[in-house]
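Chains as they are written, first to last, in my numbering: chain A, 16 to 358; chain B, 16 to 358.
Every residue gets a Cβ at the ideal spot worked out from N, C-alpha and C, and that includes glycine.
Since we're looking at a predicted model, the values are computed, not measured.
These notes are about the structure you will find just below.
There are 2 protein chains.
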Amino acid sequence: MKGVSIKDIAKQAGVSPTTVSFVLNGKAKEKRISDQVSKKILKLASKLKYKPNQLARGLRTGKTKTIGLIVEDIANHFFANVAKIVEEEADKFGYKVLYGSTEDDLTKAKGLLEVLEYRQVDGYIITPTPNLDKEIESLKNARKPMVLMDRYLPQIPTNYVMVNNFQGAFDAAEYLLNLGYGKIALVTTTSEQIQMKERLNGFTAAMKAHNASFPRKMLKKIPFTATKEEALEQIKSFIKGIPDLDAIFFSTNYLGIYGIESIKELGLKIGEDVAVISFDDHDLFRLHTPGITCVAQPINDIARNLIQVLMGELNGNVSQINQVILPATLLKRESCGKATLAR
Amino acid sequence: MKGVSIKDIAKQAGVSPTTVSFVLNGKAKEKRISDQVSKKILKLASKLKYKPNQLARGLRTGKTKTIGLIVEDIANHFFANVAKIVEEEADKFGYKVLYGSTEDDLTKAKGLLEVLEYRQVDGYIITPTPNLDKEIESLKNARKPMVLMDRYLPQIPTNYVMVNNFQGAFDAAEYLLNLGYGKIALVTTTSEQIQMKERLNGFTAAMKAHNASFPRKMLKKIPFTATKEEALEQIKSFIKGIPDLDAIFFSTNYLGIYGIESIKELGLKIGEDVAVISFDDHDLFRLHTPGITCVAQPINDIARNLIQVLMGELNGNVSQINQVILPATLLKRESCGKATLAR
DNA sequence: CTGAAAGCGCTTACAG
DNA sequence: CTGAAAGCGCTTACAG
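Listed below in structure tokens is the structure:
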């Protein structure tokens, strides 16, 4: 049950724990340990299946080689995929990842941050919830390596990695306008977070640039806290309320999914009765009939940049703030009308 | 930067670290610490924002309150959803979760297990890869709290939580037969793992029970290591090779998704030219047109049982092995013919 | 070339 | 009612 410790090896090798530690940490040369002793220790370690206790090491060195990753929802396609790459990339640097989902709830986020602090994680990748400013500020003041993802807090300059939400939404709206759609609705969340604001801004900017009208009644905001059933009801009655509606832009993947379901339940045909674009890609969008046009985030790039920025911080070789904004890609499928089918 | 320690509180309160530790661990009563001292310490702790160092505590007590969760692929819908509930449930018991994906690769699994051991996790939830027997055996011999998920190793009796793969596949096949389909193909993986075997067994048992023929040429196995493109090619040529094929059962969610894509690319219509059932549910299956009939796993139940079994082990109040098999549910949608549409 | 000793921040058996 | 001391398993500054 009890593991093998450095002491056990030292005893069997007839040397001190110090020497064992040096050899096992690859400092044999540097500390000028004889080859003979070195080999004996290495052999003994593998024979006894020595597993260094990271707790003890962490306590002593102050480094746990662990990073905390706080996402909105690990079961969401976007976050799950980012998490996977983050884990793979972190592994390359010898770091493990401790995850947690906030559900965009402040209390949960605070709880997660507290636990991660207890666990002495070396760095943080955080998807901030609303009103998390105080906690982010104090992490920043403590000079903890940290990078935000998916959104940032405008009042607090920090590292972050984001998709270009404004451009993504702008492109989507412009694409619909160029196809000749005139009555375009936007379905988004009630969230005042920057990523959602930017999507709204990009969308309205495109409308304005093309002199298209976007009256308030064409904008529907669904609370993040709404159940699926509530959201479907709200989207359906919104659509029914605008008889001449010809296109809808959904500002995030789960709303896009709800949207497809709502439109289906209303007996409308996507691509014929109404054009649809969603932010974020998803297997469902690709394989839906008709395929759903979407604004795809560069998930691999996002994850790689997150780790790269964080590793820079962890190794202390950065002074300035890193704010990475990556381009979104409009993936054209069939949901905006048969005429647009590109094969 | 440096955190507040028990010593700091002790100094400021004018008591010993021992007393502080007792009070902070809720042992004030038991250790008969005066109310006065107790209150002073508690007040001081919150004023100084004392955060107990879990590393130190873990080193001393041997308990880290962390469990390791090894899944096949955290980006897969099934595993991501299980992981999310596992995390929520574990949290209720004060445990954090350390995740990792194996990609069903033995070397990755070994690496993950090693890291988790370094980190002194208290217990393990493991989706075993092929040939992981030795490692599982040694964990078992070390009496580490452990429960397997999604599959088990037939040669090693351990705790596990699984869906009833045999019954799920049996029901699917029987359903197709009852609808009058005669030429039913099975697309599965080359994996020899028990969950895949059981799905194959359930399928063939249903065929046999109904005196239906299931020649070898109706069975297609795709390697787990195939790229998406390779898998699509293989599925397409398999389908093309059987002109009178009228139904296909895909044995897992990602194959079901590939299957839908393949059928689409062949220009065939699901539910008209060919009936389709997939193991596992997915948003995509629910919202596809036509909806894809599937064998759904009880994800919440699986996750809850995993934690329940593991907590039993962690608290040492179990002697016998816990093997939980949960029923699968056939969700009937439109992919098996218009006649079967149940609304 | 190698080792004795201190210390990371806790918990706990023991003592009074 | 409270405290001194040992120890969990490491690393590292210091000494020789």
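Which of the three DSSP states is assigned to residue i in this structure?
i      : result
A:E150 : helix
A:V19  : coil
A:T205 : coil
A:G83  : strand
A:L234 : strand
B:T355 : Model confidence at B:T355 stands at a pLDDT of 43, short of 50, so the residue's coordinates are unreliable; what they give is reported in the following sentence. B:T355: helix per DSSP, three-state reduction.
B:K123 : helix
B:S277 : helix
A:V136 : coil
B:G41  : coil
B:T308 : strand
B:S266 : coil
A:G77  : coil
B:A290 : strand
Alpha carbon to alpha carbon, how far is residue i from residue j?
i      : j      : result
B:Q323 : B:L329 : 10 Å
A:D88  : A:L127 : 13 Å
A:S293 : A:N68  : 48 Å
A:M222 : A:L191 : 10 Å
B:E13  : B:K125 : No answer is possible for residue 13 of chain B: it lies beyond the span of chain B, which begins at 16 and ends at 358.
A:I307 : B:K255 : 27 Å
B:P258 : B:K235 : 15 Å
A:N40  : B:R319 : 41 Å
A:E287 : A:S277 : 15 Å
B:K64  : B:V19  : 7 Å
A:A241 : A:Q208 : 17 Å
B:A220 : B:F185 : 7 Å
B:V86  : B:S206 : 16 Å
A:P305 : A:K279 : 12 Å
Could you confirm whether any beta carbon from chain A is found closer than 8 Å to the beta carbon of residue i?
i      : result
B:Y133 : yes
B:L74  : yes
B:K78  : no
B:Y114 : yes
B:T173 : no
B:L356 : In this prediction, B:L356 has a pLDDT of 38, which is less than 50 and means its spatial position is unreliable; nothing more can be read from the coordinates.
B:A241 : no
B:N96  : yes
B:H225 : no
B:T117 : no
B:E102 : yes
Apply the 10 Å Cβ neighbour rule to residue i and answer buried if 16 or more other Cβ atoms are within range, or exposed otherwise.
i      : result
B:T203 : buried
A:D50  : exposed
B:H92  : buried
A:H297 : buried
A:D148 : exposed
A:E104 : buried
A:A224 : exposed
A:L356 : With a pLDDT of 38 at A:L356, under the threshold of 50, the predicted position of this residue should be treated as unreliable, though the coordinate-derived value follows. Exposed, since its Cβ has fewer than 16 Cβ neighbours within 10 Å.
B:P160 : buried
A:Q210 : buried
B:T33  : exposed
B:I21  : buried
B:T76  : exposed
B:S116 : buried
B:N180 : buried
B:Q135 : buried
So residue i and residue j are supposed to be a Cβ contact under 8 Å. How far apart are they, rounded?
i      : j      : result
A:L260 : B:T79  : Contact flag wrong, Cβ pair sits at about 55 Å.
A:A262 : A:V289 : 6 Å
A:I140 : A:L84  : 5 Å
B:I250 : B:Y273 : 6 Å
B:A43  : B:F37  : 6 Å
Could you confirm whether any beta carbon from chain B is found closer than 8 Å to the beta carbon of residue i?
i      : result
A:V130 : yes
A:P67  : yes
A:I21  : no
A:I24  : no
A:K125 : no
A:A318 : no
A:M16  : Per-residue confidence for A:M16 stands at a pLDDT of 43, beneath the threshold of 50, marking its modelled position as unreliable; no derived number is given.
A:E152 : no
A:I292 : no
A:A71  : yes
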